[in-house]
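Using UniProt numbering, the first residue of the sequence shown is number 1, and each one after it goes up by one. All residues carry an ideal CB built from backbone N, CA and C; glycine is no exception. What follows is a short report on a single structure.
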Amino acid sequence: MENTAMRITMVKKLMADGFHCQKCIDVQERLEESGYINQIDHFADYVENDAGSEGALLADYYQVDKAPFFIVEKEGKETEVYTIYFKLVKDILEKTAA
Numbered sequence: 001m002e003n004t005a006m007r008i009t010m011v012k013k014l015m016a017d018g019f020h021c022q023k024c025i026d027v028q029e030r031l032e033e034s035g036y037i038n039q040i041d042h043f044a045d046y047v048e049n050d051a052g053s054e055g056a057l058l059a060d061y062y063q064v065d066k067a068p069f070f071i072v073e074k075e076g077k078e079t080e081v082y083t084i085y086f087k088l089v090k091d092i093l094e095k096t097a098a
């Protein structure tokens, strides 16, 4: 198991109606059911129609156009962005939980 500091941010889309997108809700439920939610260090909202929201700025910076997405920062390594939940689980969460 790696001994480096890691930070995972989940960016969720907050719709104009005040609710998160359905896919974001589904993924968060999976995280909660699996216990992996404890490995998510920060949640950021991509607020619909607010280009200045934290999630919108992150999406712009990392050039991501899907929600939810995950930003994995490991000490001394290049930041990785995951747009596919199952790939995040396989590559990061399962290994970290082991």
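*Hey, VAL81 and TYR62: beta-carbon distance below 7 Å or not?*
Pairing VAL81 with TYR62 gives a Cβ-Cβ distance under 7 Å.
*Just confirm the distance between the C-beta atoms of residue 107 and PHE43, as a whole number of angstroms; I'd bet it's less than 8 Å.*
Look at the range of the chain in this structure, 1 to 98, and you will see that residue 107 is not part of it.
*Can you give me the Cβ contacts of ASP65 inside the same chain, cut-off strictly under 8 Å, excluding the 5 residues immediately before and after it?*
ALA59, listed in sequence order.
*With DSSP as the reference, label LYS12 as helix, strand or coil.*
LYS12: strand per DSSP, three-state reduction.
*asked:* I need the straight-line Cα distance from MET6 to ILE40, nearest angstrom please.
replied: Using only the alpha carbons, I get a separation of about 10 Å.
*Under a Cβ-count criterion, where at least 16 other Cβ atoms within 10 Å of its own Cβ denotes burial, should THR9 be classed as buried or exposed?*
By the neighbour-count rule (16 or more Cβ atoms within 10 Å), THR9 is buried.
*By a C-beta neighbour count over all protein chains shown, 10 Å radius and 16 as the cutoff for buried, is ALA98 buried or exposed?*
The residue in question, ALA98, is exposed, as its Cβ has fewer than 16 Cβ neighbours within 10 Å.
*So, ILE37 versus LEU31, is the Cβ gap smaller than 7 Å?*
In this structure, ILE37 lies near LEU31, with their beta-carbon atoms less than 7 Å apart.
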